[in-house]
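In what follows, a structure is listed as structure tokens, so that the remarks can point back to it.
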Amino acid sequence: MSITETKKHAVASYPKRYNLERYMFFIQRATGIFLVSYFYIHIFIYNQRIDAALWASIKTAFGNPTMYPMSFIFVTAIMIHGANGLRLILTQLGFFIGKPKLPVYPYPPSSIGKAERVILFILISVAIILIIVALGEFLFFIR
Amino acid sequence: MEVVFKIHRFDPSKDVSPYYKQYKITIDKGTTVLEALLYIKERLDNSLAIRYSCRMGICGSCGMRINGIPMLACKTQVSMLKSNIILIEPLSNNPIIKDLVTNFSNLFAKHKMIKPYIIRKDSELDNPTREYLQKPNEFFNILQFALCIKCGLCWSACPISSDNRYLGPFVLAQAYRYISDSRDDGYNERFDIIDSPHGCWRCHFAGSCSQVCPRGVDPALAIQLLKKSITTTKLGLKKIKTAAPVAPPLTEVTRKLDVPQPPPRTVFKNQRDSTNER
Amino acid sequence: MEIIKHDLVIIGSGLAGLRAAIEASRFSKGKLDVAIVTKTQALRAHSVCAEGGTAGVLRVEEGDSFELHEWDTIKGSDFLADQDAVELFVRLLPSELIQLEHWGILWSRRADGRVDQRPFGGHSFPRACYAGDYTGFAEMHTLYDTLQKYDNVKIYEEWFMTSLLIEENKFKGITAIEMKSGNMHAIKAKAGIIATGGAGRIYSFTTYSHTTTGDGQAVAYRAGIPLKDMEFIQFHPTGLVPSGVLITEGARGEGGYLLNKEGERFMKRYAPKLMELAPRDIVSRSIMTEIIEGRGFKRPDGLDYVHLDISHLGREKILERLMSIREYSIRLNGIDPIYEPIPVRPAAHYTMGGIHTDTYGATPIQGLWAAGEVACVSIHGANRLGTNSTAECLVYGTLTGRAATQYALSQSSYSNVPLDSIQMEEKRVFDEVLGKEGGENPFEIKEELRNLMDKKVGIFRTESDLKEAAKEIRNLKKRFKNIKVVDKSRVYNTNIIGVLEIENMLDLAEVIAYSALARTESRGAHYRIDYPQRDDKNWLKHTLAYYTPEGPKLDYIPVRIIKWLPVERKY
Ligand SMILES: Cc1cc2nc3c(=O)[nH]c(=O)nc-3n(C[C@H](O)[C@H](O)[C@H](O)COP(=O)(O)OP(=O)(O)OC[C@H]3O[C@@H](n4cnc5c(N)ncnc54)[C@H](O)[C@@H]3O)c2cc1C
Ligand code: FES
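Protein chains in written order, with the numbering used here: chain E, -11 to 131; chain L, 95 to 372; chain F, 680 to 1250.
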């Protein structure tokens, strides 16, 4: 809820959708599940008795440019998951979420307030920059 | 202004599955969603079931999802929703009793689990003499959380609440409110339930509880502070607080007030009933 | 149909009900089997709406005294209060307030950490303990939370009491509808406490919750218990226009002004000494006089108003002490009181009358007590002082809780409940009321009743208006026989609950109109234009209304005066 405070008329308005952090929660879940399954598949494959021929074929398969998007998604997921995870660790230890205070209508919550948003944006921006760098690398390889 | 209310209807005694029914009504500028629903209930369809009472946003009865977002119906103006079709649904994550009414007994039972009362060892607690002292900073430390009306909007908004064993935002906020109360001494007694897998660690800080809270309680803040508190306790860094002392007698009178005296008695005990006539 | 057994049944989970339940548990050391029956969820009772504060003598060092509080209360009541009850009440209050503090309520504090108190209308000393402007809410939640300590209390949430089971002047139990399943149950108990709150929803412009429909009074009335002093309905001077949401008296206690159209602080003409902080009956009449004489602001829907200005108090004070009323005015009216005056007019606010009880809250029925707003002890007489009613709920919750516990523990066995009256009640509700197939919409009758009461039994009353009202109510009652109940389902049927409430409201409205018609004087909140003087010779007595099928039968009992004889009431 937000409120426009003018001298004469104060008007409250209501949210039309949920907050950003809630979407981040779902993204965190999705990337988390993806990464964990990736990790398991990875461990699984490396735990197989692989003879040299099979190993060579796996290597060529992953060396093939058609597999680059897959790796790119992997990198993206790591970046987002890592950046958001860093924010979660910080906030859950009590940083950037403000202190309890006298609530003033329309009661903007401090836990998802300015400080927390700034951290979120900074970390996500860093992640996005890294993703773009990675994208450049991949494109370079593809060419 | 004409708007269409699309309302979730479900009567378990006769409907197989929920359906939506539409009502077209005219509203004024200041009409709240609750007023509109009551108009529908009293004039168009008496059978609509809603839970409501105070109509001023303090009793916590009228929580529902309005266009998808949990809100208090009495606290929301229809015209401010800026939409001509208004979707009204019951709160999610609670079993539905009928139409817009959901069952809260699970939530209240959890509220009881965190021991939401002052725990102290002294006999003063039940034999009051004078107030316990409470400094302004101690007061503002918990005031925000004490404003919770337990309307369940946070529970409905929380993406984790579909896990029914999770204590939930407002219950945990109350836990924080009581363990941080300067008068309370029950941190250890509540520690295990808060520290459990279904306690504060189940929260992943989606923050929507705080977004939808109509009272500015900010449950997400309380839960993160709980996590911090538990972490510092486990690391042995937590400062142990002592419960607030009783205020000393007031010796220094700081306020000078011009207080009138009551007039002298005009009836005395032995004269009792003498003035009564029948 | 199921018969449930408990030692003590408390009907109502407002301040009075919760306090009584805690006291019963505490006093019996958790041995007594207590049930709370409430038609809302337990912590949604109307008491959460109380805003301003709770009175109590805490600062004797600074000049307050029990006598002064007593005198204020008695003078405020226009000398209709029973003075022995007031004496008892005032003396028990301070420990209640401190007890609440120990249980965790966040009273607003002074800088040194002690409980702060604010001035309130009619009190000569600032003695209202307050929690911002959400006092009732804070008290309710503190009591509800404290109740969670005890495992001997079972709360029946959303159970609607329909009748009292009384045999040979002895309380046997109650019948109630479980809304979730739609079944009627009987709860048999050794003792009972009624704490169902006021009846203010009978009026249309009101500060009350939707659920305060006076069920307790009506049910007791039909069970043969007399209702006392029902003609005294308090109108709070400052209800927010047009919703009726309360703007607390605390706003004036903190220093707010009432202004008319000319920007004049008109209270100087009516109560030169106390100004805005005169008792509510006086301020309400003053506002209405201003409006009637054309010095109010006009509204097309007839809800003319005056201004309540708190902008000079400063942002800090408003944000800290009056935060909810700021929220209400922004949210409901788009007005921020930090900058702008609030539109207000008098609204029905408190039922001074209620179930007839003695000084200790006991009704004439053995084993049945009444506490809180539903009872009329009478402490408030003809006009309640602000902050005295949450106080009453606390004190009388404790007193009745303890008395009922003692009584219940002394009764060795349950006596049998009258089965035929349970069956009759079940038949009445589910066959007669639920089966109604007439042509009238019950909610329209309710609307008409409420408008009628506002117009004809309001702040200023005359004989002709009251007579007309009484006739109109009879008429509505007749039409009520011909209603249609649309929802035939048993599950959470708010339709039938609504209808039962309307039935109660009609009965009470009739009592109010008849009692008011009979009292040919002006006293406290009851103001008769045709009899503008107080008449101590003939009317220093309480009205008792008894149920008869033809309408209320009135009787009178004397006021207990032990300290001060009535004098002229001037502020
Ligand atoms: C807006 C407002 C502000 C106020 N501010 C103040 C203030 O500042 N200071 C002050 O001292 N007083 C104030 N009052 C008055 C005070 O709040 C009430 O008098 C007091 O709260 C009444 O409490 P109660 O426990 O008697 O009843 P309530 O709180 O009204 O509780 C009634 C209970 O009975 C139950 N019930 C009712 N009917 C049935 C039924 N048929 N079956 C089962 N259960 C039933 C309800 O569910 C509810 O739980 C205010 C009142 C209003 C309207
Ligand atoms: S009706 Fe009480 S919160 Fe909406």
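The C-beta atom is built at its ideal place from N, Cα and C for all residues, glycine as well.
Bear in mind that the values here come from a model prediction, so they are computed numbers and not experimental data.
Item	Value
Between F:A1050, F:R944, F:P921 and F:E836, which lies nearest to Y1007 (chain F) when the distance is taken from Cα to Cα?	F:P921
Would you kindly work out how many angstroms separate the C-alpha atoms of F126 (chain E) and K192 (chain L), rounded to a whole number?	56 Å
Apart from the five residues on each side of it in sequence, which residues of its chain come closer than 6 Å, Cβ to Cβ, to T125 (chain L)?	V172
Which whole-angstrom value describes the C-beta separation of T890 (chain F) and G918 (chain F), a residue pair presumed to lie in contact below a C-beta threshold of 8 Å?	Going by Cβ atoms, the distance from T890 (chain F) to G918 (chain F) rounds to 18 Å, so no, they are not a contact pair.
Tell me whether the beta-carbon of Q318 (chain L) lies closer than 8 Å to the beta-carbon of Q80 (chain E).	yes
Could you tell me if the beta carbon of K718 (chain F) falls within a distance shorter than 7 Å of some heavy atom in ligand 1?	yes
Is the distance from the Cβ of F816 (chain F) to the Cβ of V727 (chain F) below 8 Å?	yes
Say yes only if the C-beta of H725 (chain F) is nearer than 7 Å to one or more non-hydrogen atoms of ligand 1, and no if none qualify.	yes
Which class does L687 (chain F) belong to by DSSP, given the choice of helix, strand or coil?	strand
I want to see whether chain E comes within less than 8 Å of H205 (chain L), judged by CB atoms only; does it?	no
Quick check on DSSP: helix, strand or coil for R103 (chain L)?	strand
Quick check: is the beta carbon of Y2 (chain E) nearer than 8 Å to any beta carbon in chain F?	no
Restricting to runs no shorter than 4 residues, where is the alpha helix (DSSP H) found entirely within the stretch 3 to 43 of chain E?	8 to 35
Quick one: what does DSSP say W1048 (chain F) is sitting in, helix, strand or coil?	strand
List the residues of chain F that A341 (chain L) touches, going by C-beta distances under 9 Å, in chain order.	D791, G792, R793 and V794
Whole angstroms are fine: how far does the CA of S692 (chain F) sit from the CA of L78 (chain E)?	43 Å
Can you tell me which of the three DSSP states H69 (chain E) falls into?	helix
Just to make sure I have the definition right: I need the residues of chain E whose C-beta is within less than 8 Å of the C-beta of L998 (chain F). Which are they?	L90 and V92
Could you check what DSSP says for C297 (chain L) in three-state terms: helix, strand or coil?	coil
Under the three-state reduction of DSSP, which class applies to E371 (chain L): helix, strand or coil?	With a pLDDT of only 40 at E371 (chain L), under 50, the local geometry of the prediction cannot be trusted, and the value read off the model is given with reservation. If DSSP states are grouped into helix, strand and coil, E371 (chain L) belongs with coil.
Counting pairs of Cβ atoms below 8 Å between the stretch 46 to 63 of chain E and the stretch 283 to 302 of chain L, do you hit three or more?	no
Buried or exposed: where does G162 (chain L) fall if 16 or more other Cβ atoms within 10 Å of its Cβ makes it buried?	exposed
Please indicate yes or no: does the CB of D1234 (chain F) lie closer than 7 Å to some heavy atom of ligand 1?	no
Between which residues of its own chain and P184 (chain L) is the CB-CB distance below 8 Å, once the five residues before and five after are set aside?	H102, M158, R159, I190, D193, L194, V195 and T196
How should N848 (chain F) be labelled, buried or exposed, when 16 other C-beta atoms within 10 angstroms of its C-beta is the threshold for buried?	exposed
According to DSSP, which residues form a beta bridge with C808 (chain F)?	F:T733 and F:Q796
Evaluate contact between the stretch 942 to 957 of chain F and the stretch 815 to 832 of chain F, counting only Cβ atoms and requiring at least three cross-stretch pairs below 8 Å.	no
Just the C-alpha distance for A103 (chain E) and Y270 (chain L), rounded to the nearest angstrom, thanks.	22 Å
Closer than 7 Å, Cβ to any Cβ of chain F: which residues of the stretch 316 to 345 of chain L, in chain order?	A341 and L344
Tell me, to the nearest whole angstrom, how far the beta carbon of F1109 (chain F) is from that of M909 (chain F); I am working on the premise that it is less than 8 Å.	The Cβ separation is near 30 Å, so there is no contact.
Looking at the structure shown, is D1214 (chain F) part of a helix, part of a strand, or coil, going by DSSP?	coil
Contact between the stretch 806 to 816 of chain F and the stretch 784 to 792 of chain F: three or more CB pairs below 8 Å?	yes
Cβ of R641 (chain F) less than 8 Å from any chain L Cβ?	This structure gives no information on residue 641 (chain F), because the portion of chain F shown stretches from 680 to 1250.
Which value, in whole angstroms, describes the spacing of the CA atoms of H1035 (chain F) and K907 (chain F)?	5 Å
Select from F:S990, F:G981 and F:I904 the residue whose C-alpha is nearest the C-alpha of R931 (chain F).	F:S990
With 16 other CB atoms within 10 Å as the buried threshold, where does Q228 (chain L) fall?	buried
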